[in-house]
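Asks: A single structure is presented below for examination.
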Amino acid sequence: DYQFIRAQLKICRETHDQKCTQPTTGEQVLRVIDCKSHRLTTLKLCEPYICLSYVWGSSTTQDAREFGDELPASIPRTVEDAMAVAIGLGIPYLWVDRYCIDQSNHEEKHRLIKNMNKIYEQAEVTIIAAIGDDPHHGLPGVQDTLREEPITIQLGGETFVAVAHPVQEIESTKWSSRGWTYQEMLLSRRRLVFTKTQMYFQCRNAMCMESLNPDYTDYRRGSIFPIRRFPSGGIGKTVYDLLCRLEEYYRRELSFGIDSILAFDGVVNAFDE
């Protein structure tokens with residue numbers, strides 16, 4: 001429901017405080033996917049774009065951008081669906097690490113990893129694929145990717161629909177267990193979360209579910225993520241906040257031990273700033 005998403009983005013941009021505003025930046029440029037042309041292009045960080053957070057899965061030879069500036073003919077379904085969402089929201093530029101970082105260029109890779117806090121914080125919204133074990137599952141409810149049907153009960157002429165609890169639904173996913181996705185979630189100002197049953201929107205001031213009235217106040221408080229102490233302003237500002245973030249991060253899994261520091265760099269840099 002793109003109307004629902006656009007409405008939440010508009011409310012966040014126009015009514016929320018500085019916690020949700022885009023931080024100022026210099027003339028840095030970022031390589032992104034032009035979702036309409038299926039080609040890579042460059043944007044200034046101050047221009048609107050969307051990030052994708054997903055489970056990487058196994059790599060392929062084309063992940064190293066051997067295809068040049070044009071995307072390969074076949075791309076993972078989750079990426080394809082995220083491109084459709086970006087176009088639907090009128091922000092047709094998508095940052096996906098698999099294609100927007102040249103994995104064979106170690107200098108570029110190191111520089112971008114050091115700037116993950118800027119990349120995710122500057123994005124208009126981060127699409128989170130909290131579903132599947134790899135990038136081939138897709139985003140439920142987008143294009144041809146199906147959602148799991150909810151349980152419904154008929155009582156006295158009324159229809160009751162069972163709605164999954166956001167934290168439980170997200171915490172049980174592969175995405176929630178991976179190390180790299182931790183900072184991607186934490187650093188994003190706005191998050192659009194796709195699960196097997198529905199879609200959630202959360203910014204640093206509010207949260208709502210596609211299946212419920214967004215004015216339902218109980219769901220506009222707190223976080224939908226399994227985080228013990230989530231400051232409303234983002235990652236926090238104190239040493240205690242940083243220790244909490246480290247504790248949460250070290251519960252996550254990484255495929256390579258060498259990534260244990262790299263996958264937390266963005267959080268550390270955000271604290272430094």
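Each residue of the sequence shown is one higher than the one before, starting from 1 at the first, in the UniProt record's numbering. All residues carry an ideal CB built from backbone N, CA and C; glycine is no exception. It should be emphasised that the depicted structure is a prediction, and the values quoted were computed from it without experimental measurement.
1) Under 8 Å, with one C-beta from each stretch per pair, do the segment 178 to 194 and the segment 132 to 150 reach the 3-pair mark?
2) Roughly how many angstroms lie between the CA atoms of residue 159 and residue 207, to the nearest whole one?
3) Cα separation between residue 167 and residue 209?
4) Taking the continuous alpha helix (DSSP H) assigned at residue 274, which residues delimit it?
5) If we count the other Cβ atoms within 10 Å of its Cβ and call it buried at 16 or more, is residue 153 buried or exposed?
6) Please report the distance separating the alpha-carbon of residue 4 from that of residue 33.
7) For residue 174, which of 105, 189, 110, 56 has the nearest alpha-carbon?
8) Which ranges would you report for the beta strand (DSSP E) in the segment 83 to 164 if only whole runs of at least 3 residues count?
9) Would you decide whether residue 286 is buried or exposed? Buried here means 16 or more other CB atoms lie within 10 Å of its CB.
10) Spatial neighbours of residue 270 within its chain, please: C-beta separation below 8 Å, excluding the five flanking residues on both sides.
11) What residue does the alpha helix (DSSP H) around residue 183 start on, and which one ends it?
12) Would you mind stating whether residue 17 and residue 40 have Cβ atoms separated by less than 8 Å?
13) If I measure Cβ to Cβ from residue 242 and keep anything under 6 Å in the same chain, skipping five residues before and after, which residues do I get?
14) Spatial neighbours of residue 199 within its chain, please: CB distance less than 6 Å, with the 5 preceding and 5 following residues excluded, ordered by chain position.
15) Using 7 Å as the cut-off, classify the Cβ of residue 55 as near or not near the heavy atoms of the ligand PLP, replying yes or no.
16) Span of the beta strand (DSSP E) holding residue 200?
17) Nearest CA to the CA of residue 99: which residue from 90, 21, 31?
18) Can you grab the Cα-Cα spacing for the pair residue 86 / residue 78, in whole Å?
19) Where residue 147 and residue 20 are concerned, what is the direct C-alpha to C-alpha distance, given to the nearest angstrom?
20) So for residue 321, helix, strand or coil by DSSP?
21) Between residue 119 and residue 51, how many whole angstroms is the CB-CB distance? I'm expecting something under 8 Å.
22) What first and last residue would you give for the alpha helix (DSSP H) that runs through residue 241?
23) Whose C-alpha, out of 201, 176, 205, 190, is nearest the C-alpha of residue 250?
24) Taking the C-alpha atoms as reference points, what is the distance between residue 61 and residue 103?
25) Decide if residue 97 is buried, meaning its Cβ has at least 16 other Cβ atoms within 10 Å, or exposed.
26) Counting along the chain, where does the alpha helix (DSSP H) carrying residue 167 start and finish?
27) Determine, using beta carbons only, whether residue 89 and residue 2 come nearer to each other than 8 Å.
28) Drop a sphere of 10 angstroms on the beta-carbon of residue 9, count the other beta-carbons inside from all chains shown, and report buried for 16 or more, exposed for fewer.
Replies: Straight from the coordinates:
1) Segments in contact, yes.
2) Your numbering for residue 159 matches position 159 in the sequence shown. Your numbering for residue 207 matches position 207 in the sequence shown. Residue 159 and residue 207: Cα-Cα distance of roughly 25 Å.
3) The residue labelled residue 167 in the question sits at position 167 within the sequence shown. The residue labelled residue 209 in the question sits at position 209 within the sequence shown. For residue 167 and residue 209, the distance between alpha carbons rounds to 12 Å.
4) The structure shown does not extend to residue 274, since the chain spans only 1 to 273, so no value can be given for it.
5) Here residue 153 refers to the residue found at position 153 of the sequence shown. Exposed, since its Cβ has fewer than 16 Cβ neighbours within 10 Å.
6) By 1-based counting over the sequence shown, the position of residue 4 is 4. By 1-based counting over the sequence shown, the position of residue 33 is 33. So the alpha carbons of these two residues sit roughly 24 Å apart.
7) Against the sequence shown, residue 174 aligns to sequence position 174. If we check each option's Cα against that of residue 174, 56 comes out closest.
8) Listed in chain order, they are 93 to 95, 125 to 129, 152 to 155, 158 to 161.
9) Because the chain in this structure spans residues 1 to 273, residue 286 falls outside the shown range and cannot be described.
10) For the purposes of this step, residue 270 is taken as the residue at position 270 of the sequence shown. Taking C-beta separations shorter than 8 Å and ignoring five residues to either side along the sequence, the partners of residue 270 in its chain run 117, 121, 187, 234, 235, following chain order.
11) The sequence position of residue 183 within the sequence shown is 183, counting from 1. For residue 183, the enclosing alpha helix (DSSP H) stretches over residues 179 to 187.
12) The residue labelled residue 17 in the question sits at position 17 within the sequence shown. The residue labelled residue 40 in the question sits at position 40 within the sequence shown. Result no, Cβ atoms of residue 17 and residue 40 do not sit closer than 8 Å.
13) Position 242 of the sequence shown, counting from 1, holds the residue named residue 242. The residues are 271.
14) What you label residue 199 is simply residue 199 of the sequence shown in a count that begins at 1. So the list reads 210, once near-sequence residues are dropped.
15) By its list of ligands, the structure shown contains no ligand whatsoever, and the ligand PLP lies outside what it can speak to.
16) For this step, residue 200 is matched to residue 200 along the sequence shown. Per DSSP, residue 200 belongs to the beta strand (DSSP E) from 199 to 203.
17) Looking up residue 99 in the sequence shown gives position 99. Among 90, 21, 31, the Cα nearest to that of residue 99 belongs to 31.
18) Residue mapping note: residue 86 aligns to position 86 of the sequence shown, counting from 1. Residue mapping note: residue 78 aligns to position 78 of the sequence shown, counting from 1. Those two C-alpha atoms are separated by around 12 Å.
19) Position 147 of the sequence shown holds residue 147. Position 20 of the sequence shown holds residue 20. Inter-residue distance for residue 147 and residue 20 is about 30 Å (C-alpha atoms, whole angstroms).
20) Given that the chain is displayed from residue 1 to residue 273, the structure contains no residue 321 and the question cannot be resolved.
21) Locating residue 119 in the sequence shown gives position 119, where the first residue counts as 1. Locating residue 51 in the sequence shown gives position 51, where the first residue counts as 1. Between residue 119 and residue 51 the beta-carbon gap is near 7 Å, inside 8 Å, which marks them as a contact.
22) By 1-based counting over the sequence shown, the position of residue 241 is 241. That run of the alpha helix (DSSP H) goes 239 to 249.
23) For the purposes of this step, residue 250 is taken as residue 250 along the sequence shown, with counting starting at 1. If we check each option's Cα against that of residue 250, 176 comes out closest.
24) Locating residue 61 in the sequence shown gives position 61, where the first residue counts as 1. Locating residue 103 in the sequence shown gives position 103, where the first residue counts as 1. Bear in mind that the predicted position of residue 61 carries a pLDDT of just 40, short of 50, making it unreliable; the figure below should be weighed with that in mind. Computed Cα separation, rounded: 10 Å.
25) Indexing the sequence shown from 1 puts residue 97 at position 97. With 16 or more other CB atoms across the displayed protein chains lying within 10 angstroms of its CB, residue 97 is buried.
26) Within the sequence shown, residue 167 is the residue found at index 167, counting from 1. Taken as a continuous stretch (DSSP letters only), the alpha helix (DSSP H) holding residue 167 covers 166 to 171.
27) Position 89 of the sequence shown, counting from 1, holds the residue named residue 89. Position 2 of the sequence shown, counting from 1, holds the residue named residue 2. A contact, by the Cβ cut-off of 8 Å.
28) If you number the sequence shown from 1, residue 9 lands on position 9. Buried is the label assigned to residue 9, since at least 16 other Cβ atoms lie within 10 Å of its Cβ.
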